[in-house]
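Enquirer: Dumping the structure here so I can ask a few things about it.
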Amino acid sequence: MTSIGVGLIGTGYMGKCHALAWNGVGPVFGTGRRPRLVHLAEASADLAARRAAEFGFERATGDWREVVDDPEVEVVSITTPNALHAEMALAALAAGKHVWCEKPMATTLVDAERMVAAARAAGRVAVLGYNYIQNPLIRHIGRLLAEGAIGAVSHVRFEMDEDFMADPEAPFGWKSEAASGYGALDDFGVHPLSLMHVLFGGVVRVMAQLAKPYPDRPLPEGGRRAVETFDIASVLMELRNGATGIMALNRAARGRKNRLAMQVFGSRGAIAYDQERMNEFQFFTASGDAADQGFRTVLSAPAHPPYDRFVPAPGHGLGFNDLKLIECHELLEAIAGRPAHIIDFAAGLGIERAVHAMARSHSEASWSYV
Ligand code: NAD
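Now the structure itself:
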């Protein structure tokens with residue numbers, strides 16, 4: 050067994066999620082290479098030192114470039130706000146590191162293209178944080194669709210709703226700054242788009258409308274600041290497989306906590322899934338006596354790999370952080386040169402193109418091609 054040196058930049062919500070994944074991936078998957086948590090960076094040296102002690106990293110710094118330049122670091126997790134992803138990923142790749150970067154890839158298409166070119170030039174693995182594609186049930190749904198279990202798919206509906214920005218008095222944060230991107234599109238939309246990428250090959254044209262539920266938000270230091278991003282998006286889509294689709298996104302959806310919901314309608318059946326109930330999906334097939342037909346609920350189980358790596362018993366359930374751990378394992382597979390279920394920078398560029406096409410469609414009030 051050998052080790053692989055890990056660097057982490059950013060230790061907020063996703064930073065902790067990556068740290069948990071790096072800590073757990075060895076025991077859960079029995080990986081040949083065991084992560085060694087070498088170097089962690091935060092915006093200040095104090096916070097970095099505190100988080101390094103909590104997460105189990107050997108070294109801490111207030112300057113992220115020290116992580117990227119550390120010769121003992123082989124792979125860098127980037128979990129900072131969106132506007133910093135491109136600069137950090139480009140520096141890590143230039144230093145010869147593998148990269149695991151949170152979504153969205155970048156805030157401009159030009160930066161995303163530069164990231165793809167840099168990963169190619171460096172010959173390193175560069176993976177995006179699209180954890181929802183890792184749910185064992187989503188993988189199973191992918192197999193069902195590929196086997197034609199619901200026939201030809203003609204229509205899909207995706208929603209992503211959370212309520213963390215539903216309060217008009219919630220303080221102004223980086224997610225309301227134009228520097229973070231468009232808003233719901235690149236914060237939320239990329240997740241359903243990641244599912245569309247693995248299940249249907251992505252989207253070809255879109256018609257979008259973006260909206261701001263609140264014009265301004267209070268600043269922590271007093272006063273108010275105009276909101277620069279769109280918390281709501283409504284999108285019509287045409288998918289690569291010919292199906293039509295609808296995607297609705299709302300970061301200000303009262304009552305919704307992590308509703309990443311999907312309905313897939315086919316000629317012989319339908320599938321429905323909601324991340325708020327991530328350990329089950331609904332499956333309908335138009336077979337047998339019409340009087341007995343209806344959706345049935347399938348619970349996650351060891352029959353849906355890699356659920357079996359976590360729990361030997363069906364119906365006991367995985368959690369959000371487990372998806373990141375599965376993603377971490379896929380990243381290690383890719384680094385080892387084995388086939389991996391990932392969305393790398395090259396594939397992620399398609400998702401970025403779809404996001405920018407949606408923004409273009411909104412400003413031009415017309416259909417946009419991806
Ligand atoms: P966060 O605000 O909780 O954490 C960001 C951290 O980065 C903070 O601790 C901040 O101090 C640190 N940071 C800022 N500037 C830094 C710098 N120059 N050097 C080092 N550290 C710095 O944000 P978050 O919710 O963890 O989001 C981070 C990223 O993860 C975003 O791009 C977001 O879109 C993504 N995200 C992904 C998922 C998912 O499901 N994959 C979920 C949430 C967030």
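If you count the sequence shown from 1, you need to add 49 to reach this note's numbering. Even glycine gets a Cβ: it sits at the ideal position worked out from N, Cα and C.
#1: By the DSSP assignment, the alpha helix (DSSP H) with ASP323 in it spans what residues?
#2: When DSSP labels each residue in this structure, what does SER336 get in the three-state scheme?
#3: Name the DSSP beta bridge partners of TRP149, please?
#4: Would you mind reading off the limits of the beta strand (DSSP E) that contains PRO267?
#5: By Cβ distance, which residues of its chain are closer than 6 Å to PHE333, with the 5 residues on each side in sequence left out?
#6: Confirm the yes/no value for this check: CB of ARG290, any heavy atom of the ligand NAD, distance under 6 Å.
#7: With hydrogens ignored, establish whether the beta-carbon of TRP71 is closer than 6 Å to any heavy atom of the ligand NAD.
#8: Could you give the first and the last residue of the continuous alpha helix (DSSP H) run that contains ILE187?
#9: Would you mind reading off the limits of the beta strand (DSSP E) that contains HIS390?
#10: Does the beta-carbon of GLN324 have 16 or more other beta-carbons within 10 angstroms, so that it is buried, or is it exposed?
#11: With a cut-off of 7 Å, does the C-beta of GLY232 fall near any C-beta of chain D?
#12: Please classify ALA101: does DSSP put it in a helix, a strand, or coil?
#13: What residue ranges within the stretch 346-412 form continuous alpha helix (DSSP H) runs of no fewer than 4 residues, ordered along the chain?
#14: Determine the DSSP secondary structure at GLU115, reduced to helix, strand or coil.
#15: Please state whether DSSP places PHE213 in a helix, a strand or coil.
#16: Hey, quick one: how far does the beta strand (DSSP E) through MET296 stretch, first residue to last?
#17: Can you find the residues in the same chain that come closer than 8 Å, C-beta to C-beta, to ARG173, ignoring five residues on each side of it along the sequence?
#18: If you drop the 5 nearest sequence neighbours on each side, which residues of the same chain put their C-beta closer than 6 Å to that of GLU107?
#19: Which whole-angstrom value is the C-beta distance of VAL205 and PHE249, which I expect to be below 8 Å?
#20: Taking LEU367 and VAL74 to be in contact with their CB atoms under 8 Å, please state how far apart those CB atoms are, rounded to whole angstroms.
#21: May I ask you to report which of helix, strand or coil DSSP gives MET164?
#22: When you measure from the CB of LEU63 to every non-hydrogen atom of the ligand NAD, does any distance come out below 6 Å?
#23: With respect to 6 Å, is the separation between the Cβ of GLU162 and the closest non-hydrogen atom of the ligand NAD below this value?
#24: In this structure, how does DSSP classify ASP207 when only helix, strand and coil are distinguished?
#25: Look up SER415 in the DSSP assignment and give the residues it is bridged to.
#26: Does the Cβ of ILE127 lie closer than 6 Å to at least one heavy atom of the ligand NAD?
#27: According to the Cβ coordinates, are ARG300 and GLU211 closer than 7 Å?
#28: Just reading off the beta strand (DSSP E) that PHE314 is part of, what are its end residues?
Expert: Taking the coordinates as given:
#1: As a position in the sequence shown, residue 323 is number 274, starting the count at 1. No alpha helix (DSSP H) contains ASP323, which is instead part of the beta strand (DSSP E) from 318-323.
#2: The residue you call residue 336 lines up with position 287 of the sequence shown. Three-state DSSP puts SER336 in coil, outside helix and strand.
#3: Position 100 of the sequence shown, counted from the start, is the residue given in the question as residue 149. In DSSP, TRP149 forms a bridge with SER126, VAL176.
#4: Taking the sequence shown and counting its residues from 1, one reaches residue 267 at position 218. Its beta strand (DSSP E) spans residues 265-267.
#5: Here residue 333 is taken as the residue at index 284 of the sequence shown, counted from 1. Counting only Cβ-Cβ distances below 6 Å, and skipping sequence neighbours, we find GLY318, ALA319, PHE344.
#6: Along the sequence shown, one-based indexing puts residue 290 at 241. Just to set this straight, residue 290 is Asn in the shown sequence, not Arg. The answer is no for ASN290.
#7: The count along the sequence shown starts at 1 and reaches residue 71 at position 22. Answer for TRP71: no, Cβ out of range of the ligand NAD.
#8: In the sequence shown, the residue the question calls residue 187 occupies position 138. Here the alpha helix (DSSP H) through ILE187 covers 185-195.
#9: Position 341 of the sequence shown, counted from the first residue, corresponds to residue 390. Careful: HIS390 lies outside any beta strand (DSSP E) and carries neither H nor E.
#10: In the sequence shown, counting from the first residue as 1, residue 324 sits at position 275. By the beta-carbon neighbour count (other beta carbons within 10 angstroms, threshold 16), GLN324 is buried.
#11: No chain D is present in this structure, which holds just one protein chain.
#12: Here residue 101 refers to the residue found at position 52 of the sequence shown. Reduced to three states, the DSSP call for ALA101 is helix.
#13: 369-384
#14: Against the sequence shown, residue 115 aligns to sequence position 66. Helix.
#15: The residue you call residue 213 lines up with position 164 of the sequence shown. PHE213 falls in the coil class under three-state DSSP.
#16: In the sequence shown, counting from the first residue as 1, residue 296 sits at position 247. Run containing MET296: 293-299, per the beta strand (DSSP E) assignment.
#17: The residue given as residue 173 occupies position 124 in the sequence shown. Once the five neighbours on either side are set aside, the close Cβ partners of ARG173 are LEU142, GLY145, LYS146, HIS147, VAL148.
#18: Numbered from its first residue, the sequence shown carries residue 107 at position 58. Closer than 6 Å at Cβ, skipping near neighbours: VAL87.
#19: Taking the sequence shown and counting its residues from 1, one reaches residue 205 at position 156. Taking the sequence shown and counting its residues from 1, one reaches residue 249 at position 200. Contact holds; Cβ gap of about 7 Å.
#20: Your numbering for residue 367 matches position 318 in the sequence shown. Your numbering for residue 74 matches position 25 in the sequence shown. That pair is no contact at about 14 Å.
#21: Reading the sequence shown from its first residue, position 115 is the one you call residue 164. Helix.
#22: Residue numbering aside, residue 63 sits at position 14 when the sequence shown is read from its first letter. According to the sequence as given, residue 63 is Met; it is not Leu. Checking every heavy atom of the ligand NAD against the Cβ of MET63, one is found closer than 6 Å.
#23: Your numbering for residue 162 matches position 113 in the sequence shown. Remark: the shortest separation between the CB of GLU162 and any heavy atom of the ligand NAD does not fall under 6 Å.
#24: Position 158 of the sequence shown, counted from the first residue, corresponds to residue 207. First, the amino acid is wrong: residue 207 is Phe here, not Asp. Looking at PHE207 - three-state DSSP - the assignment turns out to be strand.
#25: Translated into the one-based positions of the sequence shown, residue 415 becomes position 366. Answer is none; SER415 lacks a bridge partner.
#26: Locating residue 127 in the sequence shown gives position 78, counting from the first residue. Result no, Cβ not under 6 Å from the ligand NAD.
#27: As a position in the sequence shown, residue 300 is number 251, starting the count at 1. As a position in the sequence shown, residue 211 is number 162, starting the count at 1. Yes, the Cβ-Cβ distance between ARG300 and GLU211 is below 7 Å.
#28: Position 265 of the sequence shown, counted from the start, is the residue given in the question as residue 314. From DSSP, the beta strand (DSSP E) with PHE314 extends over 308-315.
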